[in-house]
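Chains as they are written, first to last, in the numbering used here: chain A, 1 to 324; chain B, 1001 to 1407. Don't be surprised by glycine CBs; every beta carbon is placed ideally from N, CA and C. What follows is a set of notes on a single structure, which appears directly below.
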């Protein structure tokens, strides 16, 4: 990848911005930052196709921070909207009704509620049909726009508004986070990648790489969520970085089904340091530390990386003795 | 002139081809399937210059359809029954986007219980969606209304999506002679679709955005309503041109033996043929019977109803649909249209019948007129009629007995 990329260092990040400064999203929103960076790589000619979520409410009549095209569809069917836009542009260009210069890159942008839950059927359909589009999921691991309810992206041990931690339910959410990367890969999407705003060069290169691939290109960007996760908005990038360093958020890509971790954290930082930074996990530490739960989370991370290392031929040092 | 023998489904597909649609997103459901199969054949044979794609649900099908319209394509698709309900959310979106397109609905009763033959709960579930609605009695009408609907929907004064309804089985799978207009003439009637502010690289737009404030939402909703109301005049203009070109005249409503009629049956779609027969039989007996067919259901032709039904003795509204807890869906709309009319009918009789395509006899249709006369002459209080014959009730009892383990 490094041989052909136009992104050698983070300084190569394009200066052109397609989002005006100022929008209605929360300070420190990882989601809108991911959209901003993604757009920089794609360039100006984009049609964003959206499903209900935080991005929806920032494109509010008569103001929009966006300098490109935008279409809000419905919660369940943004990929089908992308199908309609892609097909219409293709057929109009083929019939000579519009010049090829009017063509647009079609990008679905949704949160995890749409990507993991209600929109998974239409996503699967678009992948099956080999639709030439990008899907950018800004993943804040819950229904953030409606106030932080559990989604199938919510990690084990997170408290949400619909899985609150109580004496009877001390863990909050007990379901493990769905591995959407693997879901998409199993459907033979030619390109699947995870992104983190904290690892900009990796981010830029993955978007660039997808631009050279025809078909469904799927990106899951970690979207630190100050209001939902409960942390100071100035720490968003640090928190995403910690997610990568603790191995909670693996940076990986799949090209035609072959998985490669694009960043291997040689020495995993204990997950406890990540969990401790956020209100959504505070019940794991107060009034007493739930070492069993923290161990379970750590073991799950360790297991993931051991398996990945065995498959890809790398070795990393995982934290011993876990959270204790 | 003799037409080709075509099913209602093929007539719809043929009209879509004549309209030179760019894009056909599809999803199969009985009894609509023949429409999309026919188009798929034509596209793959190269006799129809459109893009055909089968999606994974009606909800996605309509999302793709509306999105493609916003990108500037002329779009056609079709559904039935559960498919209409499954995509209902998108109908409201597409009309709110002011994205013209055409949806053929092949009517079929809605589950549960599952049934295949028609009634109009499916299409009438979309009555508040902002889609224009034209309902067909014959296969010829299917073809003509598809072409008319495109011209109206894409008119700059309207810019709304439209539904053309045809009854499953009674039209969808029934061959009738259909005159298909020549392509050149259709091209002159229906110029290429000119989208307003389509998604483009040279001039980016935001569509489907939030508005948040109630006053803005109200303003835009009133706009949609005003556009839907304008669609009637635009339809009449288009129908006039259509008649000049093709010789077939269509209004929002159609009267049958209406001139001196005292007892008038109001109905729509393919069962109207049975209503016409009943009117003729009553006329043979010297009864001044007549019929008013609703062709346009959205916008609702209130003025036409008021103008044509004022002064009649009794009117009956035949609803081939049922809103449990209310009765027929169109009844209150017809009654409201007549309320302020001077010399309004002394009674408006609600009738519900032919649910799930229930075979309906001349005797049943005649009973509606008998009831209207009894109300008029004997001062009988109008009570809702639900059509069901003795022989059918006997069959019901037999089936129930079998289900309960009897013989």
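If we call anything under 8 Å between Cβ atoms a contact, is residue 79 of chain A one with residue 125 of chain A?
By 1-based counting over the first chain, the position of residue 79 of chain A is 79. By 1-based counting over the first chain, the position of residue 125 of chain A is 125. Between residue 79 of chain A and residue 125 of chain A, the C-beta gap is smaller than 8 Å, which places the two residues in contact.
Check residue 1065 of chain B in the structure and name its three-state DSSP category.
To locate residue 1065 of chain B, count along the second chain from 1; it is residue 65. Reduced to three states, the DSSP call for residue 1065 of chain B is helix.
Given this structure, state the Cα-to-Cα distance separating residue 1288 of chain B from residue 1373 of chain B, to the nearest angstrom.
Within the second chain, numbered from 1, the residue matching residue 1288 of chain B stands at position 288. Within the second chain, numbered from 1, the residue matching residue 1373 of chain B stands at position 373. Going by the C-alpha atoms only, they are around 10 Å apart.
Does any C-beta atom of chain A lie closer than 8 Å to the C-beta of residue 1093 of chain B?
One-based indexing of the second chain puts residue 1093 of chain B at position 93. The beta carbon of residue 1093 of chain B sits closer than 8 Å to some beta carbon of chain A.
Find out if the Cβ-Cβ distance for the pair residue 305 of chain A, residue 247 of chain A is shorter than 8 Å.
Along the first chain, read from residue 1 onward, the residue named residue 305 of chain A stands at position 305. Along the first chain, read from residue 1 onward, the residue named residue 247 of chain A stands at position 247. The Cβ atoms of residue 305 of chain A and residue 247 of chain A lie closer than 8 Å to each other.
Note down, in chain order, all residues in the region 1210-1236 of chain B with a beta-carbon under 7 Å from any beta-carbon belonging to chain A.
Result list: 1210, 1211, 1212, 1216.
Neighbourhood of residue 1302 of chain B by C-beta distance below 6 Å, restricted to the same chain and skipping five residues each side:
For the purposes of this step, residue 1302 of chain B is taken as the residue at position 302 of the second chain. So the qualifying residues of the chain are 1337.
Residues of the region 1186-1207 of chain B with a CB closer than 8 Å to any CB of chain A: list them in chain order, please.
Residues of the region 1186-1207 of chain B that bring their beta carbon within less than 8 Å of a beta carbon in chain A comprise 1192, 1199, 1200, 1201, 1202, 1204, 1205, 1206, 1207, in sequence order.
Measuring alpha carbon to alpha carbon, tell me which residue in B/1196, B/1036, B/1362, B/1357 is nearest residue 1115 of chain B.
Here residue 1115 of chain B is taken as the residue at index 115 of the second chain, counted from 1. Nearest C-alpha to residue 1115 of chain B among B/1196, B/1036, B/1362, B/1357: B/1357.
If you draw a straight line from the C-alpha of residue 260 of chain A to the C-alpha of residue 43 of chain A, how long is it?
Here the question's residue 260 of chain A lines up with position 260 in the first chain. Here the question's residue 43 of chain A lines up with position 43 in the first chain. The alpha-carbon atoms of residue 260 of chain A and residue 43 of chain A are separated by roughly 27 Å.
Ends of the beta strand (DSSP E) at residue 1092 of chain B?
Here residue 1092 of chain B corresponds to residue number 92 of the second chain, with the count starting at 1. Counting along the chain, residue 1092 of chain B falls outside any beta strand (DSSP E), though it belongs to the alpha helix (DSSP H) covering 1088-1096.
Residue 1184 of chain B versus B/1092, B/1039, B/1316, B/1246, residue with shortest Cα-Cα distance:
As a first step, residue 1184 of chain B is located in the second chain; it is residue number 184 there, counting from the start. By alpha-carbon distance to residue 1184 of chain B, the top candidate from B/1092, B/1039, B/1316, B/1246 is B/1246.
May I have a chain-ordered list of the alpha helix (DSSP H) segments no shorter than 4 residues that lie completely inside the region 1340-1383 of chain B?
Counting whole runs of 4 or more residues, the region 1340-1383 of chain B contains the alpha helix (DSSP H) stretches 1362-1378.
Taking any Cβ of chain A, which residues in the region 1054-1086 of chain B have a Cβ under 9 Å from it, in chain order?
Residues passing the 9 Å Cβ filter: 1054, 1055, 1056, 1057, 1059, 1060, 1061, 1062, 1063, 1064, 1065, 1066, 1067, 1068, 1069, 1070, 1071, 1072, 1073, 1075.
Starting from the C-beta of residue 1099 of chain B, find all residues in its chain whose C-beta is less than 7 Å away, skip the five residues before and the five after it, and write them out in chain order.
Position 99 of the second chain holds residue 1099 of chain B. Around residue 1099 of chain B: 1066, 1069, 1070, 1161.
Could you tell me how far apart the beta carbons of residue 268 of chain A and residue 317 of chain A are, in whole angstroms, since I believe they sit closer than 8 Å?
As a working note, residue 268 of chain A is residue 268 in the first chain. As a working note, residue 317 of chain A is residue 317 in the first chain. About 7 Å separates the two Cβ atoms, so the contact holds.
Quick one, which residues of the region 109-130 of chain A are near chain B if we go by CB-CB under 9 Å, in chain order?
Under the 9 Å Cβ criterion, the region 109-130 of chain A contributes 121, 122, 124, 125, 126, 128, 129.
Taking only three categories from DSSP, how would you classify residue 323 of chain A?
Taking the first chain and counting its residues from 1, one reaches residue 323 of chain A at position 323. In this prediction, residue 323 of chain A scores a pLDDT of 43, lower than 50, which makes its location untrustworthy; the coordinate-derived value is nonetheless stated afterwards. Correct three-state label for residue 323 of chain A: coil.
Between the CA atoms of residue 1128 of chain B and residue 1380 of chain B - distance to the nearest angstrom:
By one-based count along the second chain, residue 1380 of chain B stands at place 380. By one-based count along the second chain, residue 1128 of chain B stands at place 128. Distance between the alpha carbons of residue 1380 of chain B and residue 1128 of chain B is about 34 Å.
If we cut at 8 Å on Cβ distances, does residue 14 of chain A have a partner in chain B?
For the purposes of this step, residue 14 of chain A is taken as the residue at position 14 of the first chain. Taking Cβ atoms only, chain B never reaches closer than 8 Å to residue 14 of chain A, which makes this a no.
Buried or exposed for residue 1282 of chain B, going by 16 or more other Cβ atoms inside 10 Å?
By 1-based counting over the second chain, the position of residue 1282 of chain B is 282. With 16 or more other Cβ atoms from the protein chains shown falling within 10 Å of its own Cβ, residue 1282 of chain B counts as buried.
Would you list the one or two residues that DSSP bridges to residue 1207 of chain B?
In the second chain, the residue the question calls residue 1207 of chain B occupies position 207. According to DSSP, residue 1207 of chain B bridges with A/71.
Let me know the secondary structure DSSP gives residue 1 of chain A once reduced to three states.
Indexing the first chain from 1 puts residue 1 of chain A at position 1. Caution applies to residue 1 of chain A, whose pLDDT of 46 falls short of 50 and renders its modelled position unreliable; the model cannot decide the point.
What is the DSSP secondary structure of residue 261 of chain A, reduced to helix, strand or coil?
Reading the first chain from its first residue, position 261 is the one you call residue 261 of chain A. Secondary structure at residue 261 of chain A: strand, using DSSP grouped into helix, strand and coil.
Cβ contact check for the region 186-206 of chain A and the region 29-37 of chain A: 3 or more pairs under 8 Å
Three or more pairs of CB atoms, one per stretch, sit closer than 8 Å, so the region 186-206 of chain A contacts the region 29-37 of chain A.
Grab me the residues of residue 69 of chain A's own chain with a C-beta within less than 7 Å of its C-beta, minus the 5 sequence neighbours each way, in chain order.
As a first step, residue 69 of chain A is located in the first chain; it is residue number 69 there, counting from the start. These residues qualify, in order along the chain: 46, 47, 48, 104.
Looking only at its chain, what residues have a beta carbon closer than 6 Å to the beta carbon of residue 165 of chain A, apart from the 5 residues adjacent to it on each side?
Reading the first chain from its first residue, position 165 is the one you call residue 165 of chain A. Closer than 6 Å at Cβ, skipping near neighbours: 159, 172, 283.
On the three-state DSSP scale, how would you describe residue 326 of chain A?
Residue numbering for chain A in the displayed model covers 1 to 324; residue 326 of chain A lies beyond these limits and cannot be assessed.
Please report the distance separating the alpha-carbon of residue 1051 of chain B from that of residue 1072 of chain B.
One-based indexing of the second chain puts residue 1051 of chain B at position 51. One-based indexing of the second chain puts residue 1072 of chain B at position 72. If you take the alpha carbons of residue 1051 of chain B and residue 1072 of chain B, they lie about 14 Å apart.
Report yes or no: is there a C-beta of chain A within less than 8 Å of the C-beta of residue 1051 of chain B?
In the second chain, counting from the first residue as 1, residue 1051 of chain B sits at position 51. Output row for residue 1051 of chain B: interface = yes.
Coil, strand or helix - residue 1059 of chain B by DSSP
On the second chain, position 59 is the one that residue 1059 of chain B refers to. Here residue 1059 of chain B sits in helix by DSSP.
For a test of the three-state rule: what should DSSP assign to residue 1388 of chain B, helix, strand or coil?
The count along the second chain starts at 1 and reaches residue 1388 of chain B at position 388. Here residue 1388 of chain B sits in coil by DSSP.
Pick helix, strand or coil for residue 233 of chain A, following the three-state DSSP scheme.
The residue you call residue 233 of chain A lines up with position 233 of the first chain. Correct three-state label for residue 233 of chain A: helix.
In the region 1017-1033 of chain B, which residues sit with their C-beta less than 9 Å from some C-beta in chain A, listed in chain order?
Taking 9 Å as the Cβ-Cβ cut-off against chain A, the residues of the region 1017-1033 of chain B that qualify are 1022, 1023, 1025.
Counting only the same chain and skipping the five closest in sequence on each side, list residues whose C-beta sits under 7 Å from that of residue 1228 of chain B.
In the second chain, the residue the question calls residue 1228 of chain B occupies position 228. So the list reads 1130, 1132, 1160, 1298, 1299, once near-sequence residues are dropped.
Within its chain, find whatever has a CB closer than 6 Å to the CB of residue 134 of chain A; leave out the 5 residues flanking it on each side and keep chain order.
Indexing the first chain from 1 puts residue 134 of chain A at position 134. Taken in chain order, the residues that qualify are 107, 217.
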